[in-house]
Amino acid sequence: MKKIILIIASCCSFVAAWSQEEPEVNLDLLKAPASPAFNMLGIAPSTIERPTDITAFMASLQTNTGNFTSFPKNYAVEIAPFLFSKKTGPTLKDYNGTNFWKDLVPQTFQLSLGVSQQNADGEISEEEGSFPRGAVGLRVSLVRRPWTKQTDSNYHALHAAQTVLLDEITQGNLTTELTVFETKLAVRLEDMRRVAEDTVLTSEQKQARLRELLPEANSYKDSISRIKNGLINELAAGQLVTRLATAFEIKRQTGFYLDLEGGMVMDFPDRRFNYSTVSKAGLWLTGGYDGHEQTLSVLGIARYLYQPDKIFADDSGQLATDDIATFDFGGRLLLNALNDKLTISSELIYRSVLNNDIIDPNWRVIMNLEYAVGSNQKLTFGFGKNFDGTITKDGNLVAALNFIKGFGAKRKM
Amino acid sequence: MATSRTPKKDKTKPNTSEAEIYMTDPSGGDITLDIGIGPAGQKATSNVKLDSEMKLHGHDGELKNFVVGTNRQCKNKVLDAATTVVAMDDVKNIDVIYTIKGGSQGKLEIPLWSGPVTKGTNVLFDITVLFF
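Order-wise, the sequence lines are chains A and B. Position one of the first sequence corresponds to residue 901 (the working numbering), numbered consecutively onward. Position one of the second sequence corresponds to residue 10 (the working numbering), numbered consecutively onward.
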């Protein structure tokens, strides 16, 4: 028995340097691309414009339409419509909110719009036979985690510092020059108050008289504001706010999250708006539980594609992609236990063609266990079932057990 | 009903402070103040005073329908509202819009703006409004 234990320990040392074979199937293949609509249209992410307000959007549109004289030929734009149309919007603290309609839709909903002049092969072209293709996409968070306690604490420190700064900068007599303008403003405001309190003048007369006094009051206020805004970042309180704001970073709690992304490409073969065909479409639902690699992390992706470039379930390429819809689903689980000594990971992929009987749905699952037996030494075990139904076993533990099994096998004399 | 205001300032230059007048009515209705901050994601804190009385101190973020007082309580008094905003990112412009409602003048909007601001920079915005 002692000899067997010694042999196992030797095998563990011997195979310690072996690296575990990476699983062939990768859940990352199912992930939604950045800007799915533009990815389907073949537009590079670097060419996408992202205006943050209507003025910038109109300027971008003007440039790409030849001063509004022609339809854009190759143009892609991504906007956050709820933030786009208003000058003011949610402030920093609102990004801690998790309500779908109040917080997530206004803050995370993004709309992608694009147009490209392409040939039948999907290449950008202006040759005869090319036609416009349009893309529309969306992205929104359905479930979001709140800030961590540390982020919340940092936020409150920032707010406290900003409150102190506001009190300091709004108090009078910070500098001699400031005092002069503040005194003049106070005198002018007193003149205006006397007009307001006048019992003889009518409201219209008061209004007219006050409007005559306003420009001078505004002149003093402009001077005061200019001086204070020159001072505000020099004050110790201002520099503290700057430090805290610059260092502020949003980190979210462990927990469930869910994101939705989708895109669609439409062809306009006759170059008429009233006739178009959908050439590609996709919808991704991504969610999971993020344990920040400390305990448990789970990731799940469900993907629907219409006329994809490649049918995931069709390894041999026997199906044409025309009029094909596919549904694929994947999940990954990662569990750390026993003070990170034990790691269990598992990945499942399911793939199917929805409107065709030639390719059956199939699935693959793989599970890996790692146990740290020492510094840079791990016992590993892998188990899986391929899409074709074959079972796989690997890892250095399997190799060691096979080695022992071979060592202890009976020899024919 | 919106009342004419002093002419709008040059949009190419920052406008971080403004004085205005606002006509109250004899009713007991409330005068309210809104403060909007943009673009999204900035950190702002505001104080609001009516004459020497501090009505709101250290308010975080946007303000909606804050009751300054009734029309009668506000008449012939001066409202001072100040907001300090720190840019949480490099931005082309910070907007702060103060909106006063409830008097005979209807809605009075006072838009202020800063111009380009780098991350971490503080900007002070303020208004002074005489109620009459």
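Using N, Cα and C, we set each Cβ at its ideal position, and we do this for glycine too.
Cut-off 7 Å between Cβ atoms - residues of its own chain near residue i, not counting five sequence neighbours on either side
i, result
"B:Asp69", "Thr54"
"A:Leu1254", "Ala1225, Thr1226 and Phe1227"
"A:Ile943", "Ala976, Gly1014 and Ser1016"
"B:Pro120", "Asp104 and Ile106"
"A:Thr897", "Here chain A has residues from 901 to 1313 only, and residue 897 of chain A is not among them."
"A:Asp1167", "Phe1031, Arg1033, Ser1176, Thr1177 and Ser1179"
"A:Ala1272", "Lys1241 and Lys1278"
"B:Met97", "Gly50, Gln51, Lys52 and Lys128"
"A:Glu1068", "Leu1135 and Ala1137"
"B:Asp34", "Asn80, Gly112 and Ser113"
Backbone CA spacing between residue i and residue j [nearest angstrom]
i, j, result
"A:Thr1051", "A:Pro1006", "22 Å"
"A:Phe1212", "A:Leu941", "19 Å"
"A:Pro936", "A:Ala1035", "9 Å"
"B:Lys84", "A:Lys1106", "13 Å"
"A:Phe1148", "A:Leu1235", "30 Å"
"A:Pro923", "A:Ile1266", "Low confidence applies here, because A:Pro923 scores a pLDDT of 41, under 50, leaving its location unreliable; read the following figure in that light. Taking the straight line from one Cα to the other gives about 8 Å."
"B:Gly142", "B:Gln51", "The structure shown does not extend to residue 142 of chain B, since chain B is modelled only from 10 through 141, so no value can be given for it."
"A:Ser1245", "B:Val95", "44 Å"
"A:Lys987", "A:Asn1268", "52 Å"
"A:Phe1229", "A:Asn1262", "11 Å"
"B:Lys116", "A:Ala1145", "34 Å"
"A:Glu1027", "A:Leu961", "24 Å"
"A:Gln1071", "B:Tyr31", "25 Å"
"A:Asp1098", "B:Asp43", "29 Å"
"A:Gly1138", "B:Gly67", "15 Å"
"B:Asp99", "A:Val1095", "44 Å"
"A:Asn1286", "A:Leu929", "16 Å"
"A:Asn1118", "A:Gly1022", "60 Å"
"A:Gly1187", "A:Ser1197", "11 Å"
"A:Glu949", "A:Phe1000", "27 Å"
"B:Asn131", "A:Asn926", "47 Å"
"A:Pro886", "A:Pro972", "Shown here, chain A extends from 901 to 1313; a query on residue 886 of chain A therefore has no answer."
"B:Lys86", "B:Glu62", "11 Å"
"A:Leu1158", "A:Thr1142", "34 Å"
"A:Asn1296", "A:His1059", "55 Å"
"B:Leu88", "A:Met1092", "13 Å"
"A:Leu1110", "A:Asn939", "60 Å"
"A:Asp1222", "B:Lys110", "60 Å"
"A:Lys1210", "A:Phe968", "38 Å"
"A:Asp1260", "A:Arg1251", "9 Å"
"B:Gly47", "B:Glu118", "15 Å"
"A:Thr1063", "B:Ala28", "23 Å"
"A:Lys1327", "A:Leu1101", "Beyond the ends of chain A as shown, which are 901 and 1313, falls residue 1327 of chain A; an answer cannot be given."
Residue i, buried or exposed, once every other Cβ within 10 Å from all chains shown has been counted against 16
i, result
"A:Pro1032", "buried"
"A:Asp1214", "buried"
"B:Thr25", "buried"
"A:Ser1125", "buried"
"A:Val1087", "exposed"
"A:Asp1240", "exposed"
"A:Asp1122", "buried"
"A:Ala959", "exposed"
"B:Val138", "buried"
"B:Asn74", "exposed"
"A:Lys1128", "buried"
"B:Pro125", "exposed"
"B:Val76", "exposed"
"A:Val1165", "buried"
"A:Ser1053", "exposed"
Residues near residue i in its chain [Cβ-Cβ closer than 6 Å; skip 5 each side]
i, result
"A:Trp1184", "Ala932, Glu1161 and Arg1203"
"B:Val57", "Lys64, Leu65 and Ala90"
"A:Ser1289", "Note on identity: in this sequence residue 1289 of chain A is Gly, with Ser being the wrong assignment. Closer than 6 Å at Cβ, skipping near neighbours: no residue."
"B:Asp135", "Ser26 and Ala91"
"A:Val1040", "Thr1008, Phe1009 and Leu1160"
"A:Tyr1189", "Phe1156 and Val1198"
Residues near residue i by beta carbon distance below 8 Å, same chain, minus five either side
i, result
"A:Ala1220", "none"
"A:Glu1116", "Arg1088"
Give, in chain order, every unbroken run of the alpha helix (DSSP H) that is at least 4 residues long and sits entirely within the stretch 989-1046 of chain A.
Those alpha helix (DSSP H) runs which fall completely within the stretch 989-1046 of chain A and span 4+ residues are 1005-1008.
Please specify which runs of the beta strand (DSSP E), each continuous and at least 3 residues long, are wholly inside the stretch 1106-1175 of chain A, giving them in chain order.
1155-1167
Can you confirm whether the stretch 998-1017 of chain A touches the stretch 970-984 of chain A when touching is taken to mean that 3 or more C-beta pairs between the two stretches lie within less than 8 Å?
Between the stretch 970-984 of chain A and the stretch 998-1017 of chain A there are three or more inter-stretch CB-CB distances shorter than 8 Å, so the stretches are counted as touching.
4-residue-minimum alpha helix (DSSP H) runs that sit fully inside the stretch 1169-1231 of chain A, ordered along the chain:
none
Quick check: the stretch 1138-1156 of chain A against the stretch 1169-1186 of chain A, are there 3 or more CB pairs under 8 Å?
Result no; under three Cβ-Cβ pairs closer than 8 Å.
Decide if the stretch 1105-1122 of chain A is in contact with the stretch 1175-1182 of chain A; the criterion is three or more beta carbon pairs, one per stretch, under 8 Å apart.
Per the Cβ contact rule, the stretch 1105-1122 of chain A is not in contact with the stretch 1175-1182 of chain A (fewer than 3 Cβ pairs under 8 Å).
Where are the alpha helix (DSSP H) runs, 4 residues long or more, that stay fully inside the stretch 1233-1311 of chain A, in chain order?
1296-1307
Counting only runs that start and end within the stretch 61-129 of chain B, where is the beta strand (DSSP E) found for 3 or more residues in a row?
62-69, 72-79, 87-95, 104-112 and 115-122
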